[in-house]
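Down below is the structure, laid out as structure tokens.
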Amino acid sequence: MARIDELIARGRTFSFEFFPPKTDTEQDRLEQVLHELEPLNPSFVSVTYRGGRSSRDRTTNLVANLERETSLNPMAHLICVAHTRDELVEILDDFKAAGLDNVLALGGDPATDADAIEGELTYGEELVDLAREVGGFA
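Note that numbering that gives the first Met the number 0 gives residue 96 to position 97 of the sequence shown, counting from 1, and the numbers run on in steps of one.
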């Protein structure tokens with residue numbers, strides 16, 4: 000798939016953004032929507048990330064399926080708050096194993112959950128550097 004930084008450098012792009020489904024019903028609806036939007040040939044599609052293990056898995060599964068089963072060019076969102084550096088490396092490794100070239104690296108909103116851990120990275124820029132180091136992501 001194309002690297003998004005290269006697509007943007009070539010000129011105008013358009014994309015769609017999706018939230019990972021939380022239920023089987025949402026998954027079925029998303030698959031229908033993807034089927035309807037795919038012929039529009041967007042430059043890329045992005046999948047949001049909220050943190051937490053279940054959202055992490057849903058984001059990873061969705062972008063992996065998009066990469067494998069469609070002609071769409073997926074980009075996964077990733078936030079650095081509430082993750083250790085090792086967790087972020089693991090997530091990036093999962094993205095790379097799924098065949099992804101593109102990650103939207105964000106700082107993320109501070110965790111409000113009392114049980115949430117404090118992340119080791121503070122700013123999106125640090126996550127950008129880590130993503131390049133770990134997987135050469137755009």
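Glycine included, C-beta positions come from ideal geometry on N, C-alpha and C.
Own chain, CB closer than 6 Å to residue i, minus 5 neighbours either side, in chain order
i, result
"Q26", "P20"
"L126", "C79, A104 and L120"
"L29", "P20"
"F17", "V46"
"E35", "none"
Same chain, Cβ closer than 7 Å to residue i, neighbours up to 5 away in sequence not counted
i, result
"I3", "F43, M74, N101 and A137"
"T69", "L33 and E37"
"F13", "P41 and S42"
"A1", "N72"
Cβ-based neighbour list, residue i, same chain, cut-off 8 Å, excluding 5 preceding and 5 following
i, result
"V88", "L129 and V133"
"A113", "Note on A113: pLDDT 48, under 50, position unreliable in the model; no value is reported."
"S54", "P19 and Y48"
Nearest candidate by alpha-carbon position, reference residue i, set the options
i, options, result
"R52", "G135, Q31, H34 and L77", "L77"
"Y122", "R84, S14, F94 and F15", "R84"
"Y48", "V62, R131 and E5", "V62"
"E86", "R9, N60 and D56", "D56"
Strand pairing of residue i, partner residues [DSSP]
i, result
"L77", "A104"
Inter-residue spacing [alpha-carbon to alpha-carbon] between residue i and residue j
i, j, result
"A168", "E37", "The chain is shown from 0 up to 137; residue 168 falls before or after that span and cannot be answered."
"L138", "E66", "Examination of residue 138 is not possible in this model, given that the chain is present from 0 through 137 alone."
"T24", "V46", "18 Å"
"A96", "N72", "15 Å"
"A135", "L91", "In the sequence as presented, Ala is not what sits at residue 135; that position holds Gly. Each residue's Cα considered, the two are about 10 Å apart."
"L6", "F15", "15 Å"
"D108", "F94", "22 Å"
"R9", "L39", "19 Å"
"T58", "R11", "26 Å"
Any chain C beta carbon closer than 9 Å to residue i
i, result
"R55", "Of the chains in the structure shown, none is chain C; there is only one protein chain."
Please give me, in chain order, every unbroken run of the beta strand (DSSP E) with length at least 3 that falls completely inside the stretch 13-50.
Segments of the beta strand (DSSP E) lying fully in the stretch 13-50: 14-17 and 43-46.
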